[in-house]
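Everything in the sequence shown is counted per this note's numbering, starting at 330 for the first residue and increasing by one.
Beta carbons: idealized from backbone N, C-alpha and C, even for Gly.
Structure record follows, encoded as structure tokens.
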Amino acid sequence: MAKLWGAGGLHPLVEAYTVGEDYRIDGEHLLSYDLRASEAHAEMLQSIGVLTAEELQSLRKALGEIGDLWKAGNFPVTRSQEDGHTAIEQYITEKYGEVGKKIHTGRSRNDQSLTMIRLYSLDKLREARSLAESLSTALRAQAAAFKDVPMPGYTHMQRAMPTTVGTWIDAFACGFSDTLQSLSAAEAVLNQNPLGSAAGFGINGLSLDRSVTTRVLGFGRTQENPMYCGLSRGLFENVALQAMSFPVLLSSRFAVDMMMFTQQETGFLYLPDAFVTGSSIMPQKKNYDVFEIMRANGKVFGSLQQQIQETIVGLGSGYHRDLQCTKKAFVEACGLCITTLQVLLEAVPALAVREDRLRAAMTEDLYVTDEVYKLVAAGAPFREAYATAKAEFFKRKDAEAEAKGEKRAQG
Numbered sequence: 330m331a332k333l334w335g336a337g338g339l340h341p342l343v344e345a346y347t348v349g350e351d352y353r354i355d356g357e358h359l360l361s362y363d364l365r366a367s368e369a370h371a372e373m374l375q376s377i378g379v380l381t382a383e384e385l386q387s388l389r390k391a392l393g394e395i396g397d398l399w400k401a402g403n404f405p406v407t408r409s410q411e412d413g414h415t416a417i418e419q420y421i422t423e424k425y426g427e428v429g430k431k432i433h434t435g436r437s438r439n440d441q442s443l444t445m446i447r448l449y450s451l452d453k454l455r456e457a458r459s460l461a462e463s464l465s466t467a468l469r470a471q472a473a474a475f476k477d478v479p480m481p482g483y484t485h486m487q488r489a490m491p492t493t494v495g496t497w498i499d500a501f502a503c504g505f506s507d508t509l510q511s512l513s514a515a516e517a518v519l520n521q522n523p524l525g526s527a528a529g530f531g532i533n534g535l536s537l538d539r540s541v542t543t544r545v546l547g548f549g550r551t552q553e554n555p556m557y558c559g560l561s562r563g564l565f566e567n568v569a570l571q572a573m574s575f576p577v578l579l580s581s582r583f584a585v586d587m588m589m590f591t592q593q594e595t596g597f598l599y600l601p602d603a604f605v606t607g608s609s610i611m612p613q614k615k616n617y618d619v620f621e622i623m624r625a626n627g628k629v630f631g632s633l634q635q636q637i638q639e640t641i642v643g644l645g646s647g648y649h650r651d652l653q654c655t656k657k658a659f660v661e662a663c664g665l666c667i668t669t670l671q672v673l674l675e676a677v678p679a680l681a682v683r684e685d686r687l688r689a690a691m692t693e694d695l696y697v698t699d700e701v702y703k704l705v706a707a708g709a710p711f712r713e714a715y716a717t718a719k720a721e722f723f724k725r726k727d728a729e730a731e732a733k734g735e736k737r738a739q740g
């Protein structure tokens, strides 16, 4: 199949190596955004006289057909086409003739990719923000429901001081609420239109009206400097993932707490069976391994973000095909963020507590720091109060062990 860049006879190994999975990522995730951008570009071309009204209608019809075929799973993008941009243009040219040869006027595959990925990025940032906001609300509801249920607080994975289930849950509610700021800030950075920047130098000899595509596509503003448009490829994806890393990291930490508080040795919390798996050999097992996967995905997300950052470090301002290698990592990272939040949004409202286990866990050791501050309130210097409370606590524990004929465990 002919390439948009005109050459033929490319060695099949070179073709497979250079195309990589780009065609698959476009075909599975990004084609609808390319179609939106192409329709907006066609409208702009008609507004400056490159296309007639009839040609614009033909292009809209063709793009709509492609969209319907794609939704039905009947518009494959092949390796020989390299990407979705080629697949779209070839379909239009083969079915509608000369008008298909005009749609690429005033643009390059560079700004096509930029625009497609930019639209996808904004959708994912907004989706993540909506999910994080709903999750914060769900967490606050559970925090209110369990606000008076006591719970041991932990540091270094060891029992530390008394708290409540409500306070623990609300800590994550506060965190997810704060993620909204970082997600909105990233959206503000990305919300600018690169379409019409072509290969990074604009178009000479043709007066594009980039305000048309900015308006039609719903961007907040036009990304005016064409070289900055090219420079932002990969850079803006990294900005988006930096923002998404906030809720992903919070989710991984929540997951670790859930593993700790649902294990049989504590048994403080539980979820319905729809959230747990079993064992192929041990019939009694109920595994909260959704949270193990969530913990791991926090690390996988970080590696994907790092992959993009390492790819763009040291690149010059113009286009480099290295940037193609950021697409897969970006799409996968966005998917991890969204699905992680979706899982939590289902799990949090279903979270239940075993209040009897929690109350039984509120043992004397949790209140030793309270004893320190009772002495401080009575006028003792803090360090003396600390030493006194510590000595009295371990004296009591030694006496209890001796009464049982045991020796207090050290450490």
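CA nearest to the CA of residue i, picked from the options
{"i": "Val697", "options": "Arg488, Arg686, Ala689 and Phe565", "result": "Arg488"}
{"i": "Thr669", "options": "Trp497, Glu344, Leu448 and Arg458", "result": "Arg458"}
{"i": "Leu443", "options": "Tyr346, Ala584 and Ser526", "result": "Ser526"}
{"i": "Lys615", "options": "Val585, Leu600, Ala716 and Ile421", "result": "Leu600"}
{"i": "Gln552", "options": "Val545, Ser540 and Gly563", "result": "Ser540"}
{"i": "His414", "options": "Tyr362, Tyr425 and Met373", "result": "Tyr362"}
{"i": "Gly402", "options": "Glu384, Lys628, His358 and Asp412", "result": "His358"}
{"i": "Leu524", "options": "Glu462, Asp412, Leu448 and Lys400", "result": "Leu448"}
{"i": "Met486", "options": "Pro405, Ala709 and Phe590", "result": "Phe590"}
{"i": "Lys431", "options": "Trp399, Pro405, Glu384 and Leu398", "result": "Glu384"}
{"i": "Glu661", "options": "Gln634, His340 and Met611", "result": "Gln634"}
{"i": "Asn742", "options": "Ile532, Lys628 and Val605", "result": "Only positions 330 to 740 of the chain appear in the structure, and residue 742 is not among them; the question remains open."}
{"i": "Leu687", "options": "Gln593, Leu380 and Ser376", "result": "Gln593"}
{"i": "Val348", "options": "Asp507, Gly643 and Asp412", "result": "Asp412"}
{"i": "Gly396", "options": "Asp602, Leu360, Pro341 and Ala716", "result": "Leu360"}
{"i": "Ala515", "options": "Ile417, Phe530, Leu564 and Asp685", "result": "Leu564"}
Spatial neighbours of residue i in its chain, beta-carbon cut-off 7 Å, leaving aside the 5 residues before and after
{"i": "Val677", "result": "Leu464, Ala467, Leu468 and Gln471"}
{"i": "Gln636", "result": "Ala658"}
{"i": "Leu392", "result": "Leu364, Ser367 and Glu368"}
{"i": "Val682", "result": "Phe475, Val478, Val494, Phe597 and Leu598"}
{"i": "Glu729", "result": "none"}
{"i": "Phe620", "result": "Ala584, Met587 and Met588"}
{"i": "Leu680", "result": "Gln471, Leu598 and Leu600"}
{"i": "Ala306", "result": "It is not possible to answer for residue 306, since the shown part of the chain is limited to 330 through 740."}
{"i": "Met691", "result": "Pro479, Pro481 and Pro491"}
{"i": "Gln638", "result": "Asn567"}
{"i": "Tyr346", "result": "none"}
{"i": "Phe505", "result": "Ala461, Leu464, Ser465, Leu468, Pro576 and Leu579"}
{"i": "Pro612", "result": "none"}
{"i": "Met373", "result": "Leu537, Asp538, Val541 and Thr542"}
{"i": "Ile498", "result": "Leu468, Gln471, Ala472 and Phe475"}
Segment limits, alpha helix (DSSP H) that includes residue i
{"i": "Pro325", "result": "Since the first and last residues shown for the chain are 330 and 740, residue 325 lies out of range."}
{"i": "Pro341", "result": "Pro341 to Val348"}
{"i": "Ala603", "result": "Run containing Ala603: none; DSSP gives neither H nor E here."}
{"i": "Glu357", "result": "Note, Glu357: premise wrong, no alpha helix (DSSP H); not H, not E."}
{"i": "Gln386", "result": "Ala382 to Lys400"}
{"i": "His414", "result": "Gly413 to Tyr425"}
Same chain, Cβ closer than 8 Å to residue i, neighbours up to 5 away in sequence not counted
{"i": "Asp477", "result": "Thr493 and Gly495"}
{"i": "Asp694", "result": "Arg488 and Phe722"}
{"i": "Arg550", "result": "Asn520, Gln521, Asn522 and Thr543"}
{"i": "Arg389", "result": "Glu368 and Ala371"}
{"i": "Gly607", "result": "Lys614, Lys615 and Asn616"}
{"i": "Asp507", "result": "Phe575"}
Residues near residue i in its chain [Cβ-Cβ closer than 6 Å; skip 5 each side]
{"i": "Cys666", "result": "Ala457, Met573 and Val577"}
{"i": "Gly482", "result": "Ala489, Met490 and Thr492"}
{"i": "Ala714", "result": "Val701, Leu704 and Val705"}
{"i": "Ile622", "result": "none"}
beta-carbon residue i near the ligand ADP non-hydrogen atom, thresh 7 Å
{"i": "Lys390", "result": "Ligands are entirely absent from the displayed structure, and the ligand ADP is therefore not among its contents."}
Would you call the segment 559-570 in contact with the segment 641-648, where contact means no fewer than 3 C-beta pairs closer than 8 Å?
Between the segment 559-570 and the segment 641-648 there are three or more C-beta pairs closer than 8 Å, enough to call the two in contact.
Open item on the list: Going residue by residue through the segment 445-490, where are the continuous beta strand (DSSP E) segments of at least 3 residues, counting only ones entirely within it?
Closed with: 479-484
Check: So, do the segment 337-354 and the segment 652-671 have three or more beta carbon pairs nearer to each other than 8 Å?
Finding: Yes: at least three Cβ pairs fall under 8 Å.
Length at least 4, wholly inside the segment 638-723: the alpha helix (DSSP H) runs in chain order: Counting only runs of 4+ residues, the alpha helix (DSSP H) found wholly inside the segment 638-723 occupies 655-679, 684-689 and 697-706, in chain order.
* Evaluate the contact criterion for the segment 454-463 versus the segment 567-578: three or more CB pairs, one atom per stretch, below 8 Å. => They touch, by the three-pair rule.
4-residue-minimum alpha helix (DSSP H) runs that sit fully inside the segment 498-565, ordered along the chain = 539-546 and 555-560
So does the segment 412-421 actually touch the segment 510-524, counting three or more Cβ pairs closer than 8 Å?
no
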